[in-house]
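Participant: Residue numbers (this note's numbering), protein chains in the order written: chain A, -3 to 1089; chain B, 44 to 435. Got a structure for you, questions after.
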Amino acid sequence: MPKRTDIHKIMVIGSGPIVIGQAAEFDYAGTQACRALKAEGYEVILVNSNPATIMTDSNMADKVFLEPLQTDVIKRIMLEEKVDGLLATLGGQTGLNFAMELDECGFLAEHQIAMLGTPAAGIRMGEDREEFRAAMLRINEPCIPSGTANNPEECIRLAEEIGYPVIVRPAFTLGGTGGGIAADETALRQFAASGLAASRVHQVLIERSIAGWKEIEYEAVRDAKGNAITICSMENFDPVGVHTGDSIVVAPAQTLTDMEYQKLRTAALKIVAELGIVGGCNVQFAQHPTQVDYAVIEVNPRLSRSSALASKATGYPIAKVATRIGVGYALDEIPNEVTGTTFASFEPALDYIVTKIPKWPFDKFVKARRTLGTQMKATGEVMAIANTFEASLMKAIRSLELNLMGLRVPLMMEMTDHDLWPRIKQADDMRMFAVAEGLRRGFTIDEIYEKTLIDKFFLKKLVNIVNMENAISNMKVLDDTLLLAAVKMAFTDTWIARLSGLTVEDVRSRRKELGLIHTYKMVDTCAGEYRAVTPYFYSTFDMTNEAPRTDRKKVLVLGSGPIRIGQGIEFDYCSVHSVWALREMGYEAIIANNNPETVSTDYDTSDRLYFEPLTADDVRAIIENEQPEGAICQFGGQTAIKLIKAVSDMGVKIFGTSADGVDAAEDRKRFDAILETCQIKRPNGTTVKTAEDALQAASELGYPVLVRPSYVLGGQGMAIVHNDGDMIEYMRIINLVEQENPILVDKYLMGVELEVDAVSDGHDILIPGIMEHLERAGVHSGDSISIFPAYISERIREIIIDYTRKLAVALKVIGLLNIQFILYNDDVYVIEVNPRSSRTVPYISKVTGIPIVDLATRVMMGAKLSEFEYGTGLYARYPAVYAIKAPVFSFEKLHDVDTSLGPEMKSTGEVLGLSTTYSEAMYKAILASNFKFPPKGAGILMTVRDSDKSDLVLLADRLFNLGYELYGTGGTANYMNKHGVPCSIARRVEEGHPSTIDMIDNGTVKMLINTENSNSNDDREGFRLRRHAIEHGIATITSLDTLVAVVECLERDLKPGDLKPYEISVFADIVAQTRFNCLPLNEMPMQNDMLKK
Amino acid sequence: MKAYLILDDGSVFPGERFGSPKEVICEMVFNTGLTGYLELLTDASYAGQGIIMASPIIGNYGVFTEQSESDRPWADALIVRDLTNLIGDVRDSEDLNDYLIRHDIPGISGIDTRSLILTLREKGTMNGMITVGTDYDLKACLTRIHAYTNPCPVARVSRKTAKTYESGAFGRINREPGMSRPLDILNEIPYEIDPAVTAKYKIAMLDFGLKQNIIWNLTRRNCEVTVYPWDTPADVILAAKPDGVMLSNGPGDPVDCEPIIPNIRALYESGVIVFGICLGHQLVALATGAKTRKLKYGHRGINHPVKDLAADRVYITSQNHGYVVIDETVDNQVAEVSHVHVNDGSCEGLRYKQYPVFTVQYHPEGAPGPQDSEYLFDEFLSRIDQNRGQNR
């Protein structure tokens, strides 16, 4: 079947901002889809609100709309662009939900827009629990006893029928939001409430818990003719019960006999045939550990996180193939790009094993509940490839950047057996390490199996690693046999040295003497059966090296590892652009990364892809193999920048800012000296190590002070401290973990935060634009609403340009530079300088049309800014546009995490609002961030700290005038009433019913305004209230600065359908045309007027 | 113990011995399948060959002899990257190493199987040796390796006496906790009978080294199956009045089976419905005047795409063959190519025009491998049904 010729213009809907359960995998999928469609000659219209993605680059589609993902917005673009096809199965659950909505309301039929890929009926059958069960019954595939319920009473009735424990799964959600395993009625009531609230259709599935069964997944691909294949099987290390996104996963499945494997495979193919899948589909099974029984858990009739993993694990480009199938091709008509000689209609064969470990945010959210269940909590994942399970696990562990190189966790080694057992039984992020510790102490495999039901195959392999670690640590002198065995298990020189007490140099030189050199093998989809051309490699210690050095001049780009809070997809964006620039310049661009979700780990992004951990040892091996002209460490976030010294010490040239320059920006003393020379102010501060020093420093500086560890990204461990008690508590917590570097204590200035990204060639700088943060300093820049252009005076603007240039020169920055300033009392202070790419680079790149990473890469390779068309200094001085970035959070998935914003970053993703007017841009940004504006006349609950009460009066008055019903807790309500704003008193919880909590439960309140009490001990109730609001899907505002913007939006009363969509390249053109104009005077932005007045 | 795998081209791969400690010389072939090491070992088509597993970690679930494809392992050696030793399996699965020792089959692990496979892919399948220890004289070894041949292995692996399986017989029994390990002293594979399956067809099977799952596929479909030794004369078979004849898979060069070609000819000329798999497919082709050739490195795996030309559908198939029918030598008056390999276009199935015969090169019975092509068994039986209708 050839491709369809009846359609010409296809809309692709992206997945929006990164949230837990929906991460970078859809940038990878969407990017592949757009490229495949363009290659087939279709016109592609892309809608996605996430500016940090590759897919929203203006050249990825014919037209790219960085617009809020709202039905009315999408409809408008569809009509204006006259699209006749819709591809929605590559934009995650978000994209799929829109497609279903557009189909169900008849819009697609009315406007004759073809839904490409799996038809709506099939998607519904896969997504609607009851339709799915009926389908499984028709084809005689077993499901787990279950039923759907639409209210809590039905839930309980069902659970009694099925028998506890039961699993609650909300319908139409991603990452299992709101679900959980309930052992009794009390627990069930809780999950029923959160599950029903989380479901788009207010429906949950109650099913029997099948704890202890193996969880197996298949990725299936089917074409319209009915040809169907499975790309990959995957087996969870943890038995059923832990969300697959939170499970350690191996591919292919390891413990199934051929009988079991084929039975599940056949079932998967039957299922995709029954659903009529045209494209990709993920099928999850539970396999009884010893009996032939299995059960179908669920399907995802779309591309998913698992399909991204399967793609990277096999080399089979599922998204590209699914896209081609969507436009009409059959599987045997699509060539296999990897071999060039075979076709897409085959099943990949793997001659290696892949291990995926999720990356959880618990190192940031130390108070979050770490237990794992049906609700996904991981923000990202790492993958490792090797030819034994042991080696793939060891590689995956060090890819996590947890400062672990093996299975030994010091904290667990100190635990008593009594304390250790619960950690073994409890599924949480550290369970595997607890199991390993148990095995080290001689707990038997049988004992541990009984408590965990983790397959003995995996336990046996853990024993192998534990034994090896023990043998190495008992080794007094280098034992060649042991060394050989250890390196084959992917133990690094550093780990062997650390375990044995030998020096790294001794280990390394002996290893090399023995001829134990890293050799790289190719991922070729076919286990070597056909010749392949994929430059996709993983390390082994084998005989032949399939990645021989070429004679081209080459550059190594270090990637950014797993997606985590503070280091998200934007760094992958930067790495990819750097690689592309290098390729354009004629270099062989080599990338090293370990994140299976991203575009950077697509085998056709770079000239060579090394899918490897990002540690000094692993990078050294790549460098030894490739001997590149140099390395680029600027784009891979903190992951890459922290390797700069090690790479530099290996004698490799660092392209761009040197290791010394990076150190000068990070080292407090050196940086202070530079500021002094440049005559640039910064908030007073000092460094401390102990609590005593910290108290002393604070008393000298005067509270409030900002405290943080040095050398961190995303404000990890950063806090604003208001008194001695909090300072002691802070230092106690921070020193629980050994701190390599001192703690910084700075005077906290409550001013306006300004931010620039700049490219420097060592002489000239180019600042695309200046951004301003809506929230006052103290809220982490990644969590602030960021406004471009900043509304500042000419004098301040010049100071910022001047400071940026001075700092770039003083730090000898070549490439990118990010600086955060505080505007305080009409004076500019520098708070942070990062000589590397930043979170805002993709966003500012897109809105100004300046290919920042491309320029930076070229400059790093020796070009001068004056050679390019963008000039130097500030590019967009007075652009007649607004581009507003809003953060997006995943609080509903992380219990016990405070939603109040502060200096530590909490957001997982971001969205953009673009317009020529401030209010429209702001409304778009807030709307796109999934903020639920309260409907007219709804109740708004206010409870703010004393220092905010006066500022709240005006805002509350405006809300009252808009017709909202205002409620406040005692102090807040009294203050409002006293100042003439009618406000009813809401009882605190201890004051009896109906309390603030009840008002959320019964739907009286649709928005919560709550600012955190500065004394954390007094804020327990606030915390509880904020959590309660999030869990009930109530909009929550924790900063009055944010409220200003929300009130403005409510007053303007814009509707999604009224919003004018801007194509991103048109937007950048407006910036280019107007950049020297003055601001339109009819529109005075009101951001920060509270602070600037 | 350290040992080496030596190939005919002189390349040497270091590894560790497991299984039987004896030296072995055989033809070295690779299989890319992810699952089913037991099914491969017990597939008689591997008689005279050492199996190199591309899948790196082998032995993970041990051995359930109930799931064997014949009553003993036939492969001459097993070459793996990483051998898993089983511990305390709740189903009393046998450790793969123990199983191989018991059957005196040598293995070698720790091999850079990918390099080995790439060598065979580039240079073609060749003979090889697994040494006993680390001392060897390369030149002497190579002479012996080079001299190795595997003449007519079919004669060696085929049954010596006929045996009948009742309709409803089923094997590949899943062993559950508490069930005992079946006796496995070179006797028959255990099976049970489903009394609900009635006997509707009588099938004669010529055993060239057949895989047991072909039988289970038939007995499940209401067939009583009588398995005959490979050289049973046609009149003996026809005297039992079978509704259909199956020609099984088997090892080696099809030309070695020259002596029985007249039998095959006599079978299809009788008008009985014939279905051939693998070697059976090749022998009918030879009987009708076509030729076969040796593939450079064979098709061995469970991911091979085959297109059914009539249905315009692609199925993923299980394959294990070193020889192939040269489609240019098929007289299109005699037969037409019904199935082709999507990747290399080689002949994967033939439908004969003058006789009710159809054959496929691949393994519709899977084991190991996909069950996608089991429809061919249904087709076989529906042809029988049609034939009966015509004769009535």
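Beta carbons: idealized from backbone N, C-alpha and C, even for Gly.
Would G1053/A be called buried (16 or more neighbouring beta carbons within 10 Å of its own) or exposed?
Facilitator: One-based indexing of the first sequence puts residue 1053/A at position 1057. So G1053/A ends up on the exposed side.
Participant: On the DSSP bridge assignment, give the partners of R60/B in chain order.
Facilitator: Residue 60/B sits at position 17 when you count from the first residue of the second sequence. Its beta-bridge partners are I151/B.
Participant: I'd like to know whether the C-beta atoms of I50/A and V595/A end up nearer to each other than 7 Å.
Facilitator: Here residue 50/A refers to the residue found at position 54 when the first sequence is read from its first residue. Here residue 595/A refers to the residue found at position 599 when the first sequence is read from its first residue. It is a contact, given that the beta carbons lie within the stated cut-off.
Participant: Anything in chain A within Cβ reach of S158/B, meaning under 7 Å, just list it in chain order.
Facilitator: Within the second sequence, the letter at position 115 stands for residue 158/B. Simply D538, M539 and T540.
Participant: For the segment 357 to 375 of chain B, list every residue whose C-beta sits within 7 Å of some C-beta in chain C, in sequence order.
Facilitator: Protein chains A and B are contained in the structure displayed, whereas chain C is not.
Participant: For the beta strand (DSSP E) that K210/A lies in, which residues bound it at each end?
Facilitator: Translated into the one-based positions of the first sequence, residue 210/A becomes position 214. Counting along the chain, the beta strand (DSSP E) containing K210/A begins and ends at K210 to R218.
Participant: Let's test the definition: count the other Cβ atoms within 10 Å of the Cβ of R431/B and tell me whether it reaches 16, buried, or not, exposed.
Facilitator: Numbered from 1 along the second sequence, position 388 holds the residue referred to as residue 431/B. Flag for R431/B reads exposed.
Participant: Taking C-alpha atoms, which residue in D286/B, A277/B, E209/B and R224/B lies nearest to I258/B?
Facilitator: Reading the second sequence from its first residue, position 215 is the one you call residue 258/B. Taking only the C-alpha atoms, the option nearest I258/B is E209/B.
Participant: State yes or no: is the C-beta of K1002/A within less than 7 Å of the C-beta of A924/A?
Facilitator: Here residue 1002/A refers to the residue found at position 1006 when the first sequence is read from its first residue. Here residue 924/A refers to the residue found at position 928 when the first sequence is read from its first residue. No.
Participant: Assuming P161/A contacts A179/A under a Cβ cut-off of 8 Å, what Cβ separation, rounded to an integer in Å, is found between them?
Facilitator: For the purposes of this step, residue 161/A is taken as the residue at position 165 of the first sequence. For the purposes of this step, residue 179/A is taken as the residue at position 183 of the first sequence. The Cβ separation is near 5 Å, so the contact holds.
Participant: Exposed or buried, which one is L143/B when buried takes at least 16 other CB atoms within 10 Å?
Facilitator: By one-based count along the second sequence, residue 143/B stands at place 100. Taking a 10 Å sphere around the C-beta of L143/B, we find 16 or more other C-beta atoms and assign the residue as buried.
Participant: Using a C-beta cutoff of 7 Å, does A879/A count as contacting chain B?
Facilitator: Within the first sequence, numbered from 1, the residue matching residue 879/A stands at position 883. Output row for A879/A: interface = no.
Participant: Would you say the segment 571 to 591 of chain A touches the segment 537 to 555 of chain A, given that touching needs at least three Cβ pairs under 8 Å?
Facilitator: yes
Participant: What residues match up with K677/A in a beta bridge as DSSP calls it?
Facilitator: The residue given as residue 677/A occupies position 681 in the first sequence. Answer is Y825/A, bridged to K677/A.
Participant: Would you call the segment 406 to 421 of chain B in contact with the segment 360 to 376 of chain B, where contact means no fewer than 3 C-beta pairs closer than 8 Å?
Facilitator: yes
Participant: Can you check which of these residues, A528/A, H107/A and L271/A, is closest to E127/A by C-alpha distance?
Facilitator: As a working note, residue 127/A is residue 131 in the first sequence. Answer by Cα proximity: L271/A.
Participant: Please confirm if D155/B has its CB atom under 7 Å from at least one CB of chain A.
Facilitator: The residue given as residue 155/B occupies position 112 in the second sequence. Judged by the 7 Å Cβ criterion, D155/B is in contact with chain A.
Participant: Would you list the residues sitting across from Y874/A in a DSSP beta bridge?
Facilitator: The count along the first sequence starts at 1 and reaches residue 874/A at position 878. Y874/A pairs with nothing; no bridge assigned.
Participant: Throw me the rounded Cβ distance for the P149/B and K65/B pair, which I believe falls under 8 Å.
Facilitator: Working through the second sequence from its first residue, we reach residue 149/B at position 106. Working through the second sequence from its first residue, we reach residue 65/B at position 22. Contact holds; Cβ gap of about 6 Å.
Participant: Using only the alpha-carbon positions, how far apart do Q28/A and K316/A sit?
Facilitator: As a working mapping, residue 28/A is identified with position 32 in the first sequence. As a working mapping, residue 316/A is identified with position 320 in the first sequence. Their Cα atoms are separated by approximately 5 Å.
Participant: Only counting runs of 3 or more residues, tell me where the beta strand (DSSP E) segments fall wholly within the segment 313 to 365 of chain A, in order along the chain.
Facilitator: 349 to 355
Participant: I'd like the list of long-range same chain contacts for K78/A, defined as Cβ closer than 8 Å, with 5 residues on each side in sequence excluded.
Facilitator: Within the first sequence, residue 78/A is the residue found at index 82, counting from 1. Excluding the 5 residues flanking it on each side, K78/A has same chain C-beta neighbours closer than 8 Å at K5, in chain order.
Participant: Residues in the segment 115 to 132 of chain B with C-beta within 9 Å of chain A's C-beta atoms, listed in sequence order?
Facilitator: Under the 9 Å Cβ criterion, the segment 115 to 132 of chain B contributes R124, D125, T127, N128, L129, I130, G131 and D132.
Participant: In the DSSP output, what is M230/A paired with across the bridge?
Facilitator: On the first sequence, position 234 is the one that residue 230/A refers to. DSSP output for M230/A lists E213/A as bridge partner(s).
Participant: Excluding sequence positions up to five away, which residues of its chain have a Cβ less than 8 Å from the Cβ of R129/A?
Facilitator: Sequence index remark: in the first sequence, residue 129/A carries index 133 (1-based). Once the five neighbours on either side are set aside, the close Cβ partners of R129/A are C139 and S142.
Participant: Expressed to the nearest angstrom, what Euclidean distance is found between the alpha-carbon atoms of I441/A and D451/A?
Facilitator: Position 445 of the first sequence, counting from 1, holds the residue named residue 441/A. Position 455 of the first sequence, counting from 1, holds the residue named residue 451/A. Rounded to whole angstroms, I441/A to D451/A spans 10 Å at the Cα level.
Participant: With a threshold of 16 other CB atoms inside 10 Å of the CB of P220/B, please say whether the residue is buried or exposed.
Facilitator: Translated into positions along the second sequence, residue 220/B becomes position 177. So P220/B counts as exposed.
Participant: Can you find the residues in the same chain that come closer than 6 Å, C-beta to C-beta, to T968/A, ignoring five residues on each side of it along the sequence?
Facilitator: As a working note, residue 968/A is residue 972 in the first sequence. The answer, listed in chain order, is M938, T939 and V940.
Participant: Strictly below 7 Å CB to CB, what residues from chain A border R264/B?
Facilitator: Taking the second sequence and counting its residues from 1, the one referred to as residue 264/B is at position 221. Ordered by position in chain A, no residue passes the 7 Å Cβ test against R264/B, which lies about 16 Å from the chain.
Participant: Which of helix, strand or coil does DSSP assign to S395/A?
Facilitator: Numbered from its first residue, the first sequence carries residue 395/A at position 399. DSSP places S395/A in helix when its eight states are reduced to three.
Participant: Taking C-beta pairs closer than 7 Å, name the residues in chain A that P413/B reaches, listed in chain order.
Facilitator: Mapped onto the second sequence, residue 413/B falls at position 370. Ordered by position in chain A, the residues that pass the 7 Å Cβ test against P413/B are Q258 and R261.
Participant: In chain A, which residues lie less than 8 Å from N103/B when you measure between Cβ atoms?
Facilitator: Here residue 103/B corresponds to residue number 60 of the second sequence, with the count starting at 1. What N103/B touches in chain A: Q250, T251 and F453.
Participant: Is S841/A buried or exposed, if buried means 16 or more other CB atoms sit within 10 Å of its CB?
Facilitator: Working through the first sequence from its first residue, we reach residue 841/A at position 845. When all chains shown are included, S841/A counts as buried.
Participant: With three or more C-beta pairs closer than 8 Å as the rule, is the segment 826 to 842 of chain A touching the segment 557 to 572 of chain A?
Facilitator: These segments touch.
Participant: The alpha helix (DSSP H) with K452/A in it runs from where to where?
Facilitator: The residue given as residue 452/A occupies position 456 in the first sequence. Its alpha helix (DSSP H) spans residues K452 to S469.
Participant: Answer with yes or no whether the minimum CB distance from Q287/A to chain B is below 7 Å.
Facilitator: The residue you call residue 287/A lines up with position 291 of the first sequence. Answer yes: the Cβ-Cβ gap between Q287/A and chain B drops below 7 Å somewhere.
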